[in-house]
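J.: The opening position of the sequence shown corresponds to residue 0 in numbering that gives the first Met the number 0, with each subsequent residue numbered one higher. Think of the CB as a built atom: it goes at the ideal place given N, C-alpha and C, for glycine as much as any other residue.
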Amino acid sequence: MLKVVPNNKDWDTRNIMSQTKFYEGYSRWDEQKARYETWEESVTRVMSMHRDFYADKMTERLSLLIDEAENLYKLKYALGAQRALQFGGDQLLKHMMRMYNCTSTYADRPRFFSELFYVLLCGAGAGFSVQNHHVDKLPKVAERKKAAKGWVVEDSIEGWADSLGVLMSSYFTDNQQFPEFAGRKVYFDISGIRPKGAMISGGFKAPGPEPLRRALDKIEHLLQTVVLSGRDTLKPIEVYDIAMHASDAVLAGGVRRSATICLFSKDDQEMLDAKTGNWFIDNPQRGRSNNSAVIVRDECTEDEFKNIMKSIKEFGEPGFYFVESKEHTTNPCVEIGMFPQIDGKTGWQGCNLTEINGGKCTSKEEFFKACRAGSIMGTLQAGYT
Numbered sequence: 000m001l002k003v004v005p006n007n008k009d010w011d012t013r014n015i016m017s018q019t020k021f022y023e024g025y026s027r028w029d030e031q032k033a034r035y036e037t038w039e040e041s042v043t044r045v046m047s048m049h050r051d052f053y054a055d056k057m058t059e060r061l062s063l064l065i066d067e068a069e070n071l072y073k074l075k076y077a078l079g080a081q082r083a084l085q086f087g088g089d090q091l092l093k094h095m096m097r098m099y100n101c102t103s104t105y106a107d108r109p110r111f112f113s114e115l116f117y118v119l120l121c122g123a124g125a126g127f128s129v130q131n132h133h134v135d136k137l138p139k140v141a142e143r144k145k146a147a148k149g150w151v152v153e154d155s156i157e158g159w160a161d162s163l164g165v166l167m168s169s170y171f172t173d174n175q176q177f178p179e180f181a182g183r184k185v186y187f188d189i190s191g192i193r194p195k196g197a198m199i200s201g202g203f204k205a206p207g208p209e210p211l212r213r214a215l216d217k218i219e220h221l222l223q224t225v226v227l228s229g230r231d232t233l234k235p236i237e238v239y240d241i242a243m244h245a246s247d248a249v250l251a252g253g254v255r256r257s258a259t260i261c262l263f264s265k266d267d268q269e270m271l272d273a274k275t276g277n278w279f280i281d282n283p284q285r286g287r288s289n290n291s292a293v294i295v296r297d298e299c300t301e302d303e304f305k306n307i308m309k310s311i312k313e314f315g316e317p318g319f320y321f322v323e324s325k326e327h328t329t330n331p332c333v334e335i336g337m338f339p340q341i342d343g344k345t346g347w348q349g350c351n352l353t354e355i356n357g358g359k360c361t362s363k364e365e366f367f368k369a370c371r372a373g374s375i376m377g378t379l380q381a382g383y384t
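(1) Candidates M198, H244, P138: which alpha carbon is nearest W159's?
(2) Just to check my reading of the structure: Q348 and A80 have Cβ atoms closer than 8 Å, yes? What is that Cβ distance to the nearest angstrom?
(3) At 4 residues or longer, what runs of the alpha helix (DSSP H) sit wholly inside the stretch 126-171?
(4) Would you identify the three-state DSSP class for E179, choosing helix, strand or coil?
(5) From the DSSP output, in three-state form, read off W278 for me.
(6) So, at 7 Å on beta carbons, what are the nonlocal neighbours of E298 in its own chain, with the 5 sequence-adjacent residues on each side left out?
(7) In the DSSP output, what is Y320 paired with across the bridge?
(8) Give the secondary structure of D247 by DSSP, where H, G and I count as helix, E and B as strand, and everything else as coil.
(9) Count the CB pairs spanning the stretch 368-382 and the stretch 36-53 that are closer than 8 Å, and state whether there are at least three.
(10) Name the DSSP beta bridge partners of G349, please?
(11) Need the endpoints of the beta strand (DSSP E) that T37 sits in, please.
(12) Determine, using beta carbons only, whether Y35 and L84 come nearer to each other than 8 Å.
(13) Name the residue from V226, N306, V134 whose alpha carbon lies nearest to the alpha carbon of G182.
(14) To the nearest angstrom, how far is the alpha carbon of R110 from that of F367?
(15) Could you round the C-beta distance between V140 and L222 to whole angstroms and report it? I think they count as a contact, below 8 Å.
(16) Go through its chain and collect everything with a Cβ distance to L211's Cβ below 6 Å, but skip five positions before and after it.
(17) Which residues in the same chain as K75 place their Cβ atom closer than 6 Å to its Cβ, once the five residues preceding and following it in sequence are excluded?
(18) Which whole-angstrom value describes the C-beta separation of G164 and F112, a residue pair presumed to lie in contact below a C-beta threshold of 8 Å?
(19) Beta-carbon separation of P99 and A123 under 8 Å?
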């Protein structure tokens, strides 16, 4: 007996791409029901997380607002952060940077390196500035002459990030994140890290310890080269390379999982030339970022701009980023300007994403309904830092 296959015209394929992406990256497997979540169930999971997170601040009005947003989310009038859909629940509550798709900061403090590693391991993209005036704020580095000390790397996001903080602390001469390692050779014990291919939370596969070991070895080699040459300060391109080696270690199941953009001073020739010649052989880690020269409006000479454009014409990079202030940064998509500091204290700024569905906005009233739902979800998401 022949099996009759319906004509494609009988199938509603208008949403096939979005459905495929939803089940591929966002729907969770339900062990009890032996199937993946439906759209409505995934939204319920996210909104239940919001209710749990704001439980100590819950009021009748807030509860009604969450109900309103949830209903319109399920009807797809507005969408919350896709990272909340992906990680919503215990995973996100444990690592709240997972709420944000992209971030930005400055390489102006010792903790920058471990913080960057942590943010990337959370799955967020990162923009960072190695402009001269930012890198100049980093401590000096020196040879390590004290007795060696061991560090057991915890098999977690924090453990990986802290290992880089420990390594950097061993070279910095002051303001170390881990001062007990200052001036000491560090022996990293990575035996507790799960083997490659082991399942980890979120349905990902562990990369194993090798990417971390390789990154730490390469960063240590770079730092040794600096101090043995007699220098006591890091150059922007060295800070950049340390960040790229860390980025190179961020993998899931053998697949790259980090996105970065590096902003640098327009007259930094080493950064301008970072992706010239045989860089993809000599410095393949640099492929983990896009690079852009920061240009303050009306402060760039014709010769400086021509110098940047010469490299762009020959190699496709770097780009250039027009700003009103050298303190302005951006996310890897360069879709929005950022200013990651408050009252002079620098840190991280994240993209808090919501989206309204134009297809639902068939009238002015429906448009405002979608905007209201998006605003409610955006406000809820903003509190997770």
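T.: In short:
(1) Looking up residue 159 in the sequence shown gives position 160. Checked all of M198, H244, P138; the closest Cα to W159 is H244.
(2) Translated into positions along the sequence shown, residue 348 becomes position 349. Translated into positions along the sequence shown, residue 80 becomes position 81. So it is not a contact: roughly 15 Å between Cβ atoms.
(3) 131-134, 156-170
(4) By 1-based counting over the sequence shown, the position of residue 179 is 180. In the structure shown, E179 sits in a helix (DSSP, three-state: H, G or I).
(5) The residue you call residue 278 lines up with position 279 of the sequence shown. Of the three classes helix, strand and coil, the one that applies to W278 here is helix, per DSSP.
(6) Numbered from 1 along the sequence shown, position 299 holds the residue referred to as residue 298. Closer than 7 Å at the Cβ level, and outside the excluded window around E298, lies no residue.
(7) Counted from its first residue, the sequence shown places residue 320 at position 321. For Y320, which the question treats as bridged, DSSP gives the partners V293.
(8) Locating residue 247 in the sequence shown gives position 248, where the first residue counts as 1. D247: helix per DSSP, three-state reduction.
(9) yes
(10) What you label residue 349 is simply residue 350 of the sequence shown in a count that begins at 1. The partner list for G349 (beta bridge, DSSP) reads T102.
(11) As a first step, residue 37 is located in the sequence shown; it is residue number 38 there, counting from the start. Taken as a continuous stretch (DSSP letters only), T37 belongs to no beta strand (DSSP E), as it is neither H nor E.
(12) Here residue 35 is taken as the residue at index 36 of the sequence shown, counted from 1. Here residue 84 is taken as the residue at index 85 of the sequence shown, counted from 1. No, the Cβ-Cβ distance between Y35 and L84 is not below 8 Å.
(13) On the sequence shown, residue 182 is found 183 positions in, with the first residue counted as 1. With respect to the C-alpha of G182, the residue from V226, N306, V134 having the closest C-alpha is V226.
(14) To locate residue 110, count along the sequence shown from 1; it is residue 111. To locate residue 367, count along the sequence shown from 1; it is residue 368. The alpha-carbon of R110 is positioned some 43 Å away from that of F367.
(15) In the sequence shown, the residue the question calls residue 140 occupies position 141. In the sequence shown, the residue the question calls residue 222 occupies position 223. Correct: roughly 6 Å between the Cβ atoms.
(16) Along the sequence shown, read from residue 1 onward, the residue named residue 211 stands at position 212. Around L211: W159, A248.
(17) Mapped onto the sequence shown, residue 75 falls at position 76. Closer than 6 Å at the Cβ level, and outside the excluded window around K75, lie N356.
(18) By one-based count along the sequence shown, residue 164 stands at place 165. By one-based count along the sequence shown, residue 112 stands at place 113. That pair is a contact at about 7 Å.
(19) Position 100 of the sequence shown holds residue 99. Position 124 of the sequence shown holds residue 123. In the sequence as presented, Pro is not what sits at residue 99; that position holds Tyr. Their beta carbons are under 8 Å apart, which means Y99 touches A123 by this criterion.
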